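K.L.:
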Amino acid sequence: MTTPHDEKPSTPGLTEGERDYVNRVAEHYRDTDKMAWEHGFVIGWMMICDPVEQSAHQLCETLGVSREAVDHIDKLLVPPGVLTRNELPDGEYTLAMSVDVWPKTVQHSMLALPSFHSVMEHGLKVLADAPEERRRRVANMERFFRYLGEELPAVFDRYEPSPSATS
Numbered sequence: 016m017t018t019p020h021d022e023k024p025s026t027p028g029l030t031e032g033e034r035d036y037v038n039r040v041a042e043h044y045r046d047t048d049k050m051a052w053e054h055g056f057v058i059g060w061m062m063i064c065d066p067v068e069q070s071a072h073q074l075c076e077t078l079g080v081s082r083e084a085v086d087h088i089d090k091l092l093v094p095p096g097v098l099t100r101n102e103l104p105d106g107e108y109t110l111a112m113s114v115d116v117w118p119k120t121v122q123h124s125m126l127a128l129p130s131f132h133s134v135m136e137h138g139l140k141v142l143a144d145a146p147e148e149r150r151r152r153v154a155n156m157e158r159f160f161r162y163l164g165e166e167l168p169a170v171f172d173r174y175e176p177s178p179s180a181t182s
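In my numbering, the protein residues as written are 16 to 182.
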C-alpha cells in the first residue's frame, strides 16, 4: 500500500527507456492496487532485468529503492511462484522471474476464482428466507462467479503461449 512519503525511486541504474517501462508498470500497480512506487518499480524491473537473476543489493542499487521494498516483493511474489529466490552464502539472496511465469500464475489464480461460486451458492441457501435486499449482494456475486466458472476455462483453452515462452 502507498504511504504518505511514497515517492518514485531515483532508478540510477536504468536507461531512459528502461525507466519509462518500469515507471509504467509501477504506475499500473499504483493505479489498480494502490501499490507503493518502490514495489511497482521492483516488479517492473524484474520483468526486463539483465541478467534475469538479481541480488537484493543489486535491485536496491539499480532502482534506488529500499531494502524493505525488495524484501516486501520477495515475500509477496516468491510464495505464489512469480519470482524464485536463491539464498547466497553471505546471507544475501537473489530473485529471478521466468519467461512463462505470468501466464501460468494468472491462469492458476483466475481458474481458482470460480470455485468461490459454491460459497456464494451456499450463501443464497443460508439467506433463502431473508429479504431480497439482504440477498442481493450475494446473488450478484453468485451470478458473477457462475459466469466466471463458465467462461474462464475457455479463455485459457484458447490462449497459446508464444513459441519463445515454450522453448
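Glycine included, each C-beta is placed from N, C-alpha and C at the ideal position.
The model shown is predicted, which means the values in this text are computed figures rather than measured ones.
Locate the alpha helix (DSSP H) running through E33, then write down its first and last residues.
P.N.:
Segment 31-48, the alpha helix (DSSP H) holding E33.
K.L.:
How is E175 classed by DSSP in three states: helix, strand or coil?
P.N.:
Looking at E175 - three-state DSSP - the assignment turns out to be coil, as it is neither helix nor strand.
K.L.:
Hey, quick one: how far does the alpha helix (DSSP H) through T77 stretch, first residue to last?
P.N.:
Start and end: 71-78.
K.L.:
How many angstroms separate the CA atom of P66 from the CA atom of G55?
P.N.:
Those two C-alpha atoms are separated by around 19 angstroms.
K.L.:
Apart from the five residues on each side of it in sequence, which residues of its chain come closer than 8 angstroms, Cβ to Cβ, to W117?
P.N.:
Cβ neighbours of W117 beyond the five flanking positions: V97.
K.L.:
Taking the alpha helix (DSSP H) that E22 belongs to, which residues open and close that run?
P.N.:
Element bounds for E22: n/a, residue is neither H nor E.
K.L.:
How long is the line joining the alpha carbons of P24 and L91, rounded to whole angstroms?
P.N.:
Approximately 19 angstroms between the Cα atoms of the pair.
K.L.:
What separation, rounded to the nearest whole angstrom, lies between the Cα atoms of R34 and R45?
P.N.:
Their backbone Cα atoms lie some 16 angstroms apart in a straight line.
K.L.:
To which residues does DSSP link L110 through a beta bridge?
P.N.:
Partner(s): Q69, R100.
K.L.:
With respect to the alpha helix (DSSP H) encompassing V121, which residues constitute its N-terminal and C-terminal limits?
P.N.:
From DSSP, the alpha helix (DSSP H) with V121 extends over 116-127.
K.L.:
Taking DSSP as the reference, what is the three-state secondary structure of E105?
P.N.:
According to the sequence provided, residue 105 is Asp. The question's Glu does not apply to it. Of the three classes helix, strand and coil, the one that applies to D105 here is coil, per DSSP.
K.L.:
Provide the residue span of the alpha helix (DSSP H) that contains S81, from first to last.
P.N.:
No alpha helix (DSSP H) holds S81; DSSP gives it neither H nor E.
K.L.:
Quick check on this structure: which residue in G79, G138, H72, P94 has the alpha carbon closest to the alpha carbon of G106?
P.N.:
Among G79, G138, H72, P94, the Cα nearest to that of G106 belongs to H72.
K.L.:
Pull up the CB-CB distance for M61 and M112, whole angstroms please, since I reckon it's below 8 angstroms.
P.N.:
With 8 angstroms as the limit, M61 and M112 qualify as a contact, their Cβ atoms being about 5 angstroms apart.
K.L.:
Residue range of the alpha helix (DSSP H) that F56 falls in?
P.N.:
52-63 is the extent of the alpha helix (DSSP H) around F56.
K.L.:
Let me check understanding here. Comparing Cα to Cα, which of T26, R152, L139, E148 lies closest to S81?
P.N.:
The candidate whose alpha carbon is nearest that of S81 is T26.
K.L.:
Please state whether the Cβ-Cβ distance between L29 and T99 is less than 8 angstroms.
P.N.:
Cβ atoms of L29 and T99: not closer than 8 angstroms.
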